[in-house]
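Visitor: To convert, take the position in the sequence shown, counting from 1, and add 639; that gives my numbering.
Sharing a structure with you now.
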Amino acid sequence: PSWLPHFLTGNYFSQCLKHASSKNERNHFCIDCVLDGPMCHIGLQTEHANHRSLQVRRASHMDAVRVHDIQKLADISNIQTYTINSAKIVFLLSRPQDRIAKAATHWCQNCNRTLTDPTCFCSISCKLAAARIN
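The structure is reproduced here in structure tokens:
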């Protein structure tokens, strides 16, 4: 989808300057208004109420999105999923490799990060990068 590169490059979890109050982190993305970039929940409710949107979450200090939310909007097949707070998530960007797992049998086809199951990519951005090459 054309909105996906904009979604992946968003600067999430920074303070919303337009709606400056505590806990107004920019962790939402309106798919219908791509160029508006990340926004807080107040901006989403007041200016984008009837639009399609995604909520970005933090997992292991990285931006992620729930599988249930994004699978209706983009093809996330063959991307490693993780379970955080009983919800399946995928990471937006590739994660740094802590150490090389000697027993690893699966690697991301884009960044070579070790994977725990027979998927092809560690993140949405790695799948998108591989698709651009092919």
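Idealized CB from N, CA, C, for every residue including glycine.
So for R691, helix, strand or coil by DSSP?
Guide: Coil.
Visitor: Is the beta carbon of D671 closer than 9 angstroms to that of L690?
Guide: Here residue 690 is His; the residue named in the question, Leu, does not match the sequence. Yes, these two residues count as a Cβ contact at 9 angstroms.
Visitor: Might you give, ordered along the chain, the residues of its own chain that have their beta carbon closer than 6 angstroms to the beta carbon of A769, omitting 5 neighbours on each side?
Guide: Hits under 6 angstroms: Q748, N749.
Visitor: Pick out whichever of N666, F760, L767, A742 has its Cα sitting closest to the Cα of G649.
Guide: Residue N666 is the option with its Cα nearest to G649.
Visitor: Measuring CB to CB, does H645 end up less than 9 angstroms from C679?
Guide: Not in contact: H645 and C679 (Cβ atoms no closer than 9 angstroms).
Visitor: For A726, which residues in the same chain have their Cβ closer than 6 angstroms to its Cβ, ignoring the five residues on either side in sequence?
Guide: R705.
Visitor: Closest to Q719 by C-alpha separation, out of D675, Q694, V673, N751, would be which residue?
Guide: Nearest option by C-alpha distance: N751.
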